[in-house]
Amino acid sequence: MNINEVKKNAREKMKGYCRVCRFCDGVVCAGEVPGMGGTGTGSSFRANVEALARVRLNMRTLHGAKDPDITVELFGRKLSMPILAAPITGSEYNMGGAVPEAEFIQMVISGSKAAGTIGMCGDGGNPLFYDSGLKAIEKERGHGIAVMKPRENDVVLRMAERAKSIGAVAVGMDVDGAGLITMALMGQPVGPKTREELEEIISKVDLPFMLKGIMTVDEAELAYEVGAKAIVVSNHGGRILDSTPGVAEVLPAIAERLKGKITILADGGVRSGVDVLKYLALGADAVLVGRPVIIGAYGGGAEGVKLVLETMAKELKQAMILTGCRDIASIGDYVIYKPRYQH
Numbered sequence: 001m002n003i004n005e006v007k008k009n010a011r012e013k014m015k016g017y018c019r020v021c022r023f024c025d026g027v028v029c030a031g032e033v034p035g036m037g038g039t040g041t042g043s044s045f046r047a048n049v050e051a052l053a054r055v056r057l058n059m060r061t062l063h064g065a066k067d068p069d070i071t072v073e074l075f076g077r078k079l080s081m082p083i084l085a086a087p088i089t090g091s092e093y094n095m096g097g098a099v100p101e102a103e104f105i106q107m108v109i110s111g112s113k114a115a116g117t118i119g120m121c122g123d124g125g126n127p128l129f130y131d132s133g134l135k136a137i138e139k140e141r142g143h144g145i146a147v148m149k150p151r152e153n154d155v156v157l158r159m160a161e162r163a164k165s166i167g168a169v170a171v172g173m174d175v176d177g178a179g180l181i182t183m184a185l186m187g188q189p190v191g192p193k194t195r196e197e198l199e200e201i202i203s204k205v206d207l208p209f210m211l212k213g214i215m216t217v218d219e220a221e222l223a224y225e226v227g228a229k230a231i232v233v234s235n236h237g238g239r240i241l242d243s244t245p246g247v248a249e250v251l252p253a254i255a256e257r258l259k260g261k262i263t264i265l266a267d268g269g270v271r272s273g274v275d276v277l278k279y280l281a282l283g284a285d286a287v288l289v290g291r292p293v294i295i296g297a298y299g300g301g302a303e304g305v306k307l308v309l310e311t312m313a314k315e316l317k318q319a320m321i322l323t324g325c326r327d328i329a330s331i332g333d334y335v336i337y338k339p340r341y342q343h
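The sequence shown maps to residues 1 to 343 in the UniProt record's numbering.
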C-alpha cells in the first residue's frame, strides 16, 4: 500500500463528498458543510492553507543534524512524532458513510497508536459518536484523547468521567463548536463558556484538560489561567466561522506569550511534514492532522492512517535535516525566512 493507492481508494469511497484533490486547499469544496469543505465562502479553510504556504524556510546544510530526533512527550506519553490525529466525527454525513462511524474512529485511534503517536475522538449530535470513540480508545487500552463539545457543565463532567474510566490519556473540549446549531436542533445545546464555567469543569476533571479552538492571545491566556494543560490553536478547519485568519497567522503571538507555560498544539491545513515543521517553528509543540487522516482511514483503514502519519513523520525528519534542526526542542523561528527588505 502506498499513498497514491490510499488516495485512489478514498476517492472512490467518498465520491460526492470529497474529491480527494491532488492538493487539499478547500477551493472546490467551499461551502460544503456538511461535507469536507469550509463554511460559507470557504475562506477560513483556505486561510489555513494559504497562511502556511506564505511561510518560507531557511535551507541549511552545513551542520551536524544528520539524524534528527522527532520524538516528543505529551500528556506524560512519549510519542514517535509531534503529529497527532485530530478529533473527527460525522462519517455518514461528512464523508459519505462508506465507512461506519464506529469503524472509522477505530481506524483513527488504532492507526495512530500503530504509528507511535496518539489519536483523538470527537463528539456530536449523535451519542454514537462519543460512545464509539470511547470504545475505540478502550480497545487500545486508553491510548487516546476524548474531546467533547461545549455542552452544559454537568454533561461535560459526566462525559469526562467516562473517559477517565476507560483510561484515556487526556480529555478536551472543542470550544469553537459553540455555534453549532445542529447540536441544538438535535436537543443537545452547546454554547460559549465563561471563565467560571471553565474553572468549574477543569477543577473537577482528574485528567489533563485541553481547550481546542483558541485563536486569540487573550483566550489563550484565559485557558492557561483556568488550568488547562493544553490549547489547540484552531479555527475548526474553517468549518465554523467564515473570514477568520489562518492558524499560522495567529500562532506566533500566542506562542510568544505562552510558550513553556502551556502545551500549544496547532491544527489546520497540515498536508505534509514540511507544514508540521512550519507550525513548530512558529511556536507549536505539536500539530493535529484532520483531513489527511480521513483520507488514510477511508483509503486504507488503520494501516492507511498509520501510513499517512508515518509519511508526514519522514517528511518532517527530512525537512529538519535540511534546516539544521537536531530535535524538536531545537526548532525555532530561525528556521523561518524573514526578508531583510520588503518590496
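Ideal Cβ placement from N, Cα and C applies to all residues, glycine included.
These figures come from a predicted structure and were not determined experimentally.
Note that the C-beta distance between ALA230 and LEU251 is not below 8 Å. Membership of GLU199 in the alpha helix (DSSP H) is indicated by the continuous run 195-204. When the five nearest sequence neighbours on each side are left out, the beta carbons in the same chain lying within less than 6 Å of the beta carbon of PHE104 are those of SER91 and ALA297, in order along the chain. Three or more Cβ pairs drawn from the segment 284-300 and the segment 106-126 lie within less than 8 Å of each other, which places the two stretches in contact.
Taking each of ALA51, GLY40 and ARG60 in turn and checking the Cα distance to CYS325, the smallest one comes out for ARG60.
For ILE328 against GLY283, the beta-carbon gap comes to about 12 Å, at or over 8 Å, which does not count as contact. Beta-bridge annotation (DSSP): THR263 is paired with ALA230. Counting C-beta atoms within 10 angstroms of its own C-beta, MET1 has fewer than 16 neighbours from the protein chains shown and is therefore classed as exposed.
Residue range 291-321 is occupied by the alpha helix (DSSP H) that includes LEU309.
Within the DSSP secondary-structure output, CYS121 pairs in a beta bridge with ALA146. Distance from the CA of VAL270 to the CA of GLU197, rounded to the nearest whole angstrom, comes to 32 Å. DSSP places LYS15 outside any alpha helix (DSSP H), giving it a letter other than H or E. DSSP places MET159 inside the alpha helix (DSSP H), whose first and last residues are 153-165. DSSP lists GLU73 as the beta-bridge partner residues of LYS78. ALA102 is not a Cβ neighbour of CYS121, given a cutoff of 8 Å. The beta carbon of ARG77 is closer than 7 Å to those of ILE118 and VAL169 in its chain, skipping five residues each way along the sequence. Relative to GLU32, the option among ILE336, TYR17, ILE214 and ARG22 whose CA is nearest is TYR17. Here the alpha carbons of ALA281 and THR39 stand approximately 28 Å from one another. Closest in alpha carbon position to VAL27, among ARG11, GLU50, ASP285 and LYS13, is GLU50. One Cα belongs to ALA178, the other to ALA184, and the distance between them is close to 10 Å. Only residues of its own chain outside the window of five on either side were considered, and among them ALA248, GLY269, ASP275 and LYS278 have a CB closer than 6 Å to the CB of LEU52, listed in chain order. For VAL27, the secondary structure class from DSSP, reduced to helix, strand or coil, is coil.
Between VAL6 and MET14, the gap from beta carbon to beta carbon reaches 8 Å or more. Residue range 127-139 is occupied by the alpha helix (DSSP H) that includes LYS135. In this chain, the beta strand (DSSP E) harbouring ASP174 covers 170-174.
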